[in-house]
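Numbering (the working numbering), first residue to last: -13 to 257. Heads up, the beta-carbon is just placed ideally off N, CA and C, and yes, glycines get one too. All of these numbers come straight from a predicted model, not from anything done at the bench. Here the structure is laid out as structure tokens; the discussion comes afterwards.
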């Protein structure tokens, strides 16, 4: 039986060799333009190259050297599910079994990006290549240019409104008591009170600052919430050796029992 255990160890060591080991890295991708379905299709087309082992096309599409492209095992993306419809993700559709037409809400402003590679040192390089591929997509690039243009127009519009209100606030007739008239014995304001304009200006400035933040921070089509990080390693040496040792040991034990009792088994079957 020791022979079978040793044989299992040998198989385990062979199976867990570096070239047969895979690193699974994941992170959340924020989507600022387009939607999750479109980005998902872009990434799925890349994964089809991996499945078909068409590494030349993968290399050309991601602008990576062929010796790096061949080390990419998969490029996948999964939808976040918002069960409570509150704008926050509740789970991830890893099984890709939830239909968007049902009550499940697939979030459109983010995806879980997953990359599988046999070389963990390439993870950041692959991430950069994927982001660049998405940003260079003609549809995404055009949509983002339109979005940024609209942001600038809205910011300028708010600036003009703030300037006009501030100018009105400074006019002398807002301070002139003649702007007050008597009506049924009660003093009424003929024009809007100066303090109300102050509140309007603050509200407009707040909205303008929000748009400026979006312009300065979310100017790219997509952005990683954090860099891809390894969440799983397949074919780890220790676990793989233990697994193969047990499998080969059980097979060996069963084979030994059959061999020792071969005569009895033959006699039983020949009856």
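Inset, instruction - Would you grab the beta carbon distance between residue 109 and residue 101 for me? Rounded to a whole angstrom, and I think it's under 8 Å. - result: With 8 Å as the limit, residue 109 and residue 101 qualify as a contact, their Cβ atoms being about 7 Å apart.
Legend entry - Cβ shell of residue 292 (< 6 Å), same chain only, five flanking positions each side left out: The structure shown does not extend to residue 292, since the chain spans only -13 to 257, so no value can be given for it.
Inset, instruction - Below 7 Å CB to CB, which residues in the same chain sit around residue 13 once its five sequence neighbours on both sides are set aside? - result: Cβ neighbours of residue 13 within its own chain (closer than 7 Å, five residues either side excluded): 99, 210, 211, 212, 213, 214, 215.
Legend entry - Separation of residue 39 from residue 131, as counted between CA atoms: So the alpha carbons of these two residues sit roughly 35 Å apart.
Inset, instruction - Pick helix, strand or coil for residue 205, following the three-state DSSP scheme. - result: DSSP places residue 205 in coil when its eight states are reduced to three.
Legend entry - 6 Å CB neighbourhood of residue 200 in its chain, flanking five on each side removed: No residues qualify anywhere along the chain.
Inset, instruction - Please report how far the alpha carbon of residue 237 lies from the alpha carbon of residue 218, in whole angstroms. - result: Residue 237 and residue 218: Cα-Cα distance of roughly 29 Å.
Legend entry - Neighbour-count burial assignment, residue 119, 16 or more Cβ in a 10 Å radius: Counting other Cβ atoms within 10 Å of its Cβ, residue 119 reaches 16 or more and is therefore classed as buried.
Legend entry - Residues sharing a beta bridge with residue 183, DSSP: Partner(s): none; residue 183 has no beta bridge.
Inset, instruction - Would you mind stating whether residue 91 and residue 54 have Cβ atoms separated by less than 8 Å? - result: The answer is no: Cβ separation not under 8 Å.
Inset, instruction - Let me know if residue 135 comes out buried or exposed under the rule of 16 or more other beta-carbons within 10 Å of its beta-carbon. - result: Classification for residue 135: exposed.
Legend entry - residue 113 (DSSP reduced to helix, strand or coil): In the structure shown, residue 113 sits in a helix (DSSP, three-state: H, G or I).
Legend entry - Contact set for residue 138: own chain, Cβ-Cβ below 8 Å, skip 5 residues either direction: Residues of the same chain with a CB within less than 8 Å of the CB of residue 138, apart from the 5 flanking positions on each side, are 201 in chain order.
Inset, instruction - Give the secondary structure of residue 256 by DSSP, where H, G and I count as helix, E and B as strand, and everything else as coil. - result: Reduced to three states, the DSSP call for residue 256 is helix.
Inset, instruction - Would you kindly check if the distance between the Cβ of residue 28 and the Cβ of residue 122 is under 8 Å? - result: It is not a contact, given that the beta carbons lie outside the stated cut-off.
Legend entry - Cα-Cα separation, residue 133 to residue 95: Near 15 Å, if we compare the C-alpha coordinates of residue 95 and residue 133.
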